[in-house]
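S.K.:
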């Protein structure tokens, strides 16, 4: 479990991450996607290629 001033997160046994929504008093499962990570990696590769030559 991890908490800050306005956020509360928890990790279950299967590795799923949940965020507590105080307004509705319930846990919401966060869904991770690889799409954004892949886009960021491609952007870094393009930047590195541009810097090299």
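Residue numbers (my numbering): 57 to 109. Yeah, the Cβ is synthetic: ideal placement off N, Cα and C, and Gly gets one too.
The beta strand (DSSP E) that contains residue 66, what's its start and end?
M.R.: Looking at the DSSP string, the run of the beta strand (DSSP E) that includes residue 66 is 64–67.
S.K.: Reducing DSSP to helix, strand and coil, say where residue 89 ends up.
M.R.: Reduced to three states, the DSSP call for residue 89 is coil.
S.K.: Are the Cβ atoms of residue 64 and residue 73 separated by less than 7 Å?
M.R.: Going by C-beta atoms, residue 64 is not nearer than 7 Å to residue 73.
S.K.: Between residue 83 and the rest of its own chain, which residues show a CB-CB distance below 6 Å, the 5 nearest in sequence each way excluded?
M.R.: Excluding residues within five positions, the ones whose Cβ falls inside 6 Å are 74, 76.
S.K.: Considering residue 75, what are the terminal residues of the beta strand (DSSP E) in which it resides?
M.R.: 73–77 is the extent of the beta strand (DSSP E) around residue 75.
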